[in-house]
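Colleague:
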Amino acid sequence: MTNDERWMQHALQLAREAQDRREVPVGAAVMFENEIIGEGWNSPISSSDPTAHAEIMAIRCAALKVDNYRLSGAELFVTLEPCIMCAGAISHVRLSRLVYGARDPNSGAIDSVFEILESERLNHRTEVKSGVLEGQCATILKEFFRKKR
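The opening position of the sequence shown corresponds to residue -12 in our numbering, with each subsequent residue numbered one higher.
#1: Hey, S78 and T113: beta-carbon distance below 8 Å or not?
#2: Please state if the CB of S30 and the CB of A49 are separated by a distance shorter than 8 Å.
#3: Measuring alpha carbon to alpha carbon, tell me which residue in R9, S117, E68, Q0 is nearest K135.
#4: Which of the three DSSP states is assigned to R8 in this structure?
#5: Have a look at Q0 and L109 and give me their C-alpha separation to the nearest angstrom.
#6: Can you give the Cα-Cα distance for L63 and L120, rounded to whole angstroms?
#7: Whose C-alpha, out of V11, P12, R47, S35, is nearest the C-alpha of I24?
#8: Determine the closest residue to C124 out of L67, N(-10), R84, S94, with distance taken between C-alpha atoms.
#9: Along the chain, where does the alpha helix (DSSP H) that runs through V173 open and close?
Pasting the structure below:
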């Protein structure tokens, strides 16, 4: 198992936390120098906060831990392709790398619908790796929505 797969496994555990709370099962972890500095899972429903996506929660946690609004050199592992809001946050905090599992054909802002991080207008570049444990990341979402219907 690669490090990317190991950290995505951790993000999948966090996605299960969201699922246990009846939230869309998405999990995210911020890594710096091979250590978790922030983690989160979707919680917009339970918190009545539309910005409480897994990525935002993990970024907030990491920023508090390092006491800095920039996370240069850090990596974000998330089970689902980030949306526009989360892609913007990734760029603003200057994450060095984004690793995600499943694509989001409806609102993915990295590769699927938009390519926010590829914009020449942004002054920061984030390396992107997609498809890590894609099958497992997609399955947890498909099962969640299948049970909901």
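All C-beta atoms, glycine included, are put in the ideal place defined by N, C-alpha and C.
In this text the structure is predicted, and so the values were computed from the model without any measurement.
Modeller: So, to answer that:
#1: For this step, residue 78 is matched to residue 91 along the sequence shown. For this step, residue 113 is matched to residue 126 along the sequence shown. Their beta carbons are under 8 Å apart, which means S78 touches T113 by this criterion.
#2: The residue given as residue 49 occupies position 62 in the sequence shown. The residue given as residue 30 occupies position 43 in the sequence shown. Not in contact: A49 and S30 (Cβ atoms no closer than 8 Å).
#3: In the sequence shown, residue 135 corresponds to position 148, counting from 1. Checked all of R9, S117, E68, Q0; the closest Cα to K135 is R9.
#4: The count along the sequence shown starts at 1 and reaches residue 8 at position 21. Coil.
#5: Along the sequence shown, read from residue 1 onward, the residue named residue 0 stands at position 13. Along the sequence shown, read from residue 1 onward, the residue named residue 109 stands at position 122. Q0 and L109: Cα-Cα distance of roughly 32 Å.
#6: For the purposes of this step, residue 63 is identified with residue 76 of the sequence shown, where counting begins at 1. For the purposes of this step, residue 120 is identified with residue 133 of the sequence shown, where counting begins at 1. Their Cα atoms are separated by approximately 15 Å.
#7: Within the sequence shown, the letter at position 37 stands for residue 24. Here the closest residue by C-alpha is R47.
#8: Position 137 of the sequence shown, counted from the start, is the residue given in the question as residue 124. The residue with the shortest Cα to Cα distance from C124 is L67.
#9: Any answer about residue 173 is impossible in this case: the structure gives the chain only from -12 up to 136.
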